[in-house]
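Trainee: Protein chains in written order, with the numbering used here: chain Z, 1 to 278; chain V, 1 to 278.
Before I ask anything, here is the structure I am working with.
Number of protein chains: 2
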Amino acid sequence: MEKIESIKEFGGYLNRYTHYSKVCNSNMTFSVYLPPQAQFEKLPSLYWLSGLTCTDENARSKAGAQRYAAEYGLAIIFPDTSPRGDDVPDSKERYDLGKGAGFYINATQTPWNEYYKMYDYITQELPIIIEDNFPQLNSKKSISGHSMGGHGALICALKNPDLFTSVSAFAPICNPINSQWGKNCFSAYLGKNELVWNDYDATCLILNGKKVKNILIDQGTSDEFYHQKQLLPENFIAACKKENQSLNLRFQDGYDHSYHFISSFIRDHIIYHAEYLK
Amino acid sequence: MEKIESIKEFGGYLNRYTHYSKVCNSNMTFSVYLPPQAQFEKLPSLYWLSGLTCTDENARSKAGAQRYAAEYGLAIIFPDTSPRGDDVPDSKERYDLGKGAGFYINATQTPWNEYYKMYDYITQELPIIIEDNFPQLNSKKSISGHSMGGHGALICALKNPDLFTSVSAFAPICNPINSQWGKNCFSAYLGKNELVWNDYDATCLILNGKKVKNILIDQGTSDEFYHQKQLLPENFIAACKKENQSLNLRFQDGYDHSYHFISSFIRDHIIYHAEYLK
Numbered sequence: 001m002e003k004i005e006s007i008k009e010f011g012g013y014l015n016r017y018t019h020y021s022k023v024c025n026s027n028m029t030f031s032v033y034l035p036p037q038a039q040f041e042k043l044p045s046l047y048w049l050s051g052l053t054c055t056d057e058n059a060r061s062k063a064g065a066q067r068y069a070a071e072y073g074l075a076i077i078f079p080d081t082s083p084r085g086d087d088v089p090d091s092k093e094r095y096d097l098g099k100g101a102g103f104y105i106n107a108t109q110t111p112w113n114e115y116y117k118m119y120d121y122i123t124q125e126l127p128i129i130i131e132d133n134f135p136q137l138n139s140k141k142s143i144s145g146h147s148m149g150g151h152g153a154l155i156c157a158l159k160n161p162d163l164f165t166s167v168s169a170f171a172p173i174c175n176p177i178n179s180q181w182g183k184n185c186f187s188a189y190l191g192k193n194e195l196v197w198n199d200y201d202a203t204c205l206i207l208n209g210k211k212v213k214n215i216l217i218d219q220g221t222s223d224e225f226y227h228q229k230q231l232l233p234e235n236f237i238a239a240c241k242k243e244n245q246s247l248n249l250r251f252q253d254g255y256d257h258s259y260h261f262i263s264s265f266i267r268d269h270i271i272y273h274a275e276y277l278k
Numbered sequence: 001m002e003k004i005e006s007i008k009e010f011g012g013y014l015n016r017y018t019h020y021s022k023v024c025n026s027n028m029t030f031s032v033y034l035p036p037q038a039q040f041e042k043l044p045s046l047y048w049l050s051g052l053t054c055t056d057e058n059a060r061s062k063a064g065a066q067r068y069a070a071e072y073g074l075a076i077i078f079p080d081t082s083p084r085g086d087d088v089p090d091s092k093e094r095y096d097l098g099k100g101a102g103f104y105i106n107a108t109q110t111p112w113n114e115y116y117k118m119y120d121y122i123t124q125e126l127p128i129i130i131e132d133n134f135p136q137l138n139s140k141k142s143i144s145g146h147s148m149g150g151h152g153a154l155i156c157a158l159k160n161p162d163l164f165t166s167v168s169a170f171a172p173i174c175n176p177i178n179s180q181w182g183k184n185c186f187s188a189y190l191g192k193n194e195l196v197w198n199d200y201d202a203t204c205l206i207l208n209g210k211k212v213k214n215i216l217i218d219q220g221t222s223d224e225f226y227h228q229k230q231l232l233p234e235n236f237i238a239a240c241k242k243e244n245q246s247l248n249l250r251f252q253d254g255y256d257h258s259y260h261f262i263s264s265f266i267r268d269h270i271i272y273h274a275e276y277l278k
């Protein structure tokens, strides 16, 4: 692991690292924000999963999360959204497949399956790398994300309730097997057998008995991808109701899908996770 | 004037407009953040001038200012940094001359002088456009900015103490006639007679008797452009001391030149201006 950048922010440090990922078979980049409290005590972490086309850079520059991480004393881990590098297969004509679109799942189909193992990366490899290299952090971690990253946060938490203490999401793809984005990606990464897809679909996971303590979701009502039926929060609400999964899904009037929406409500999410991570 | 975008943020609206600028002889773009209070009362404005290579987009996405504008009840005006459009002369091989590098001065030399009138745009044309089109705003305005935009904020305020109620800056180019950036641009825009340059140099303006009530400046000590002697805050401090100009210039230990630095201290600047704008 090599530190390639360090920027002081809100009294702490926003650092960027590259490392070789065994599961993704490529060099990966991630950022970590260590608030000022990290000098004196071991802190919990919030993993932030970004959406389509993003790298680790977007959220750290635009979400406004570090200000509250410094206030509430938690670190933020910003992973990339896919493997990178010249060897990694891509789909240059599509922004919703290949680089920048790892969907936080383990691909089983060629040519993707040699590199696209973002589920294992987020839930296994990266937490160990963080644990081994950041003595400032304790083992408590929570997870959140936006859009494709909201989907990632939900499935990673639902499938690993002991790994992540709490979960939240902004405008997540709640039911990818029924959205065009999800269908396109899952068929490429996982193949034609749709039964396999269910294991990476938050709505299906709830209906199949997965459970976490609570879920916080914010969804803008003027979100173009909500209206295009890519996100399908209603399906997730129905599943949670059916299975008695505690859910606080807030429709935020007039907000869109952008980082301006995230920045408007990130404070609530940081406070939510800080309470669970105490 | 045409509204080309409207995004809800922190309960208010971040809107973007295009209009034909008479002084810059081209179509220009700017953004305005109207906090939620604008629905009920007339509010003051903060003009934010961005740095080299920026448009109106950078600060509105990365500075984190809207959160505090909503808290303290002021609008933010984000102008572009130069004229734009295919007809406008540019210097494609240089980021510090031409488009994105208007330096908030009135060019007198060809080919720049037909378009590059950013000083008149910021201090005359834009305030009238704002006044004519935003009944939500009162006439009180302050000004701030970053780097080249910090230079712009200082000279616009010093030359127009009745127009801007208060002024602050992040890592401003304090003495452009003695920095490489300033020398390159001023010789291109203003010609070889260096005496003319003094009229757009904050340090010279102070030494020549210009005065404002107070000035707040933040400067990171790990700022690469500070170390490259592009910013020269010490010259500005000496001039203010000599002329008894009230100045609070804070060297912020370990901070760089980026928006991460700005976001760390923007709260202080918004509060500073809100106090003067009351």
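Using N, Cα and C, we set each Cβ at its ideal position, and we do this for glycine too.
As the structure is a computational prediction, the values presented were derived from the model and not from experiment.
For the stretch 2-14 of chain Z, list every residue whose C-beta sits within 9 Å of some C-beta in chain V, in sequence order.
Mentor: Those would be I7, K8, E9, F10, G11, Y13 and L14, in chain order.
Trainee: Whose C-beta lies closer than 7 Å to the C-beta of Z:D201 among residues of the same chain, with five residues either side of it excluded?
Mentor: N175, P176 and I177
Trainee: Please report whether the beta-carbon of Z:G73 lies at a distance below 8 Å from any beta-carbon of chain V.
Mentor: False, the Cβ-Cβ gap to chain V never drops below 8 Å.
Trainee: Give the single residue among Z:G149, Z:I4 and Z:D90 whose Cα lies nearest to the Cα of Z:N58.
Mentor: Z:G149
Trainee: Strictly below 7 Å CB to CB, what residues from chain V border Z:G64?
Mentor: G64 and R67
Trainee: Which one of V:P135, V:S82, V:E131 and V:D132 has the shortest CA to CA distance from V:E114?
Mentor: Comparing Cα positions, the closest option is V:S82.
Trainee: Could you compute how far the alpha carbon of Z:P161 sits from the alpha carbon of Z:A153?
Mentor: Each residue's alpha carbon lies about 11 Å from the other.
Trainee: Quick one: what's got a C-beta closer than 8 Å to Z:K140's C-beta in the same chain, skipping five residues either side?
Mentor: Here the set comprises P44, S45, T165 and L277.
Trainee: Per DSSP, V:A169 forms a beta bridge with which residues?
Mentor: V:I217
Trainee: Keeping to the same chain, check which residues put their C-beta closer than 8 Å to that of V:L232; ignore five residues upstream and five downstream.
Mentor: I173, C174, N175, N178, S179 and T203
Trainee: Decide if V:R60 is buried, meaning its Cβ has at least 16 other Cβ atoms within 10 Å, or exposed.
Mentor: buried
Trainee: Mind pulling the chain Z residues with CB within less than 7 Å of V:H227?
Mentor: Neighbours of V:H227 across chain Z, judged by C-beta separation under 7 Å, do not exist; the nearest C-beta is about 15 Å away.
Trainee: Do three or more CB pairs link the stretch 217-237 of chain V to the stretch 124-136 of chain V at distances below 8 Å?
Mentor: no
Trainee: Can you grab the Cα-Cα spacing for the pair Z:K241 / Z:I105, in whole Å?
Mentor: 26 Å
Trainee: Taking V:C156 and V:T108 to be in contact with their CB atoms under 8 Å, please state how far apart those CB atoms are, rounded to whole angstroms.
Mentor: No, V:C156 and V:T108 are not in contact; Cβ-Cβ is about 18 Å, not under 8 Å.
Trainee: In this structure, what does DSSP give as the bridge partners for Z:Y13?
Mentor: For Z:Y13, which the question treats as bridged, DSSP gives the partners Z:K8 and Z:L34.
Trainee: I believe V:S168 touches V:Y272 by the beta-carbon criterion, under 8 Å. Please report the beta-carbon distance rounded to the nearest angstrom.
Mentor: 6 Å
Trainee: Below 7 Å on C-beta distance, what does Z:G150 contact in chain C?
Mentor: Of the protein chains in the structure, Z and V, none is chain C.
Trainee: Quick check on Z:S263 - is its C-beta less than 8 Å from some C-beta in chain V?
Mentor: yes
Trainee: Which of helix, strand or coil does DSSP assign to V:L49?
Mentor: Strand, per DSSP.
Trainee: I'd like to know whether the C-beta atoms of V:D120 and V:V23 end up nearer to each other than 8 Å.
Mentor: yes
Trainee: Give the residues of chain V in contact with Z:Y255, contact being defined as C-beta atoms less than 7 Å apart.
Mentor: In chain order: K8.
Trainee: Terminal residues of the continuous beta strand (DSSP E) containing Z:F290?
Mentor: Any answer about residue 290 of chain Z is impossible in this case: the structure gives chain Z only from 1 up to 278.
Trainee: Within this structure, are the beta carbons of Z:Y68 and Z:I270 separated by less than 8 Å?
Mentor: Contact: yes.
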